[in-house]
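Below you'll find the structure, written out as structure tokens, and then a few comments.
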Amino acid sequence: MKSFSKVTVAALLGLSVLSTSVYADAAKGQKLYAKKLKSVCGVSGGKFAATHSQMEWESAKDEGTLTDLFLGACPAGADVINSDKFQKKYKSHIFDFVYEFANDSGNVPAC
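Taking the numbering used here, the leading residue of the sequence shown gets 146, the next gets one more, and so forth.
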């Protein structure tokens, strides 16, 4: 019975560690913006994120128009933003970045 308990605890611990990597991250979004969009957009991450408030970013995500807001803030980055890789892998991280550093958040990014 003790070995079953140990295996169960180990499995739960392993699942909790794996599940945390699935969530988006504002710091990762900041790095992705700096790497993928900053040179294309020609503006700092702070200016990009501050184009809208947290409520505007969140409602766009809920309504499915987040890509349109990204394109509005950076029309020159249309090729990058509309790519499948961006939509599948980077969009949630970039959203967390812009939400964290929106114009009403009081936070200022380093990029």
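Glycine included, every Cβ here is placed at the ideal spot set by N, Cα and C.
For V225, the enclosing alpha helix (DSSP H) stretches over residues 223-226. In its chain, beyond the 5 residues on either side, Q199 have a beta carbon closer than 7 angstroms to the beta carbon of S250. Taking 8 angstroms as the cut-off, the Cβ atoms of V253 and G187 do not count as close. For Y178, the CB contacts under 7 angstroms within the same chain, skipping 5 residues up- and downstream, are G190, F193, I239, F242, C256 in chain order. Taken through DSSP and simplified to helix, strand or coil, V253 comes out as coil. About 7 angstroms separates the CB atoms of E203 and Y244; that is less than 8 angstroms, so the two are in contact. By the neighbour-count definition (other C-beta atoms within 10 Å, threshold 16), Q175 is a buried residue. In the structure shown, D170 adopts coil according to DSSP, grouped into three states. Nearest Cα to D170 within the set N227, N248, K236: K236. For C186, the enclosing alpha helix (DSSP H) stretches over residues 183-186.
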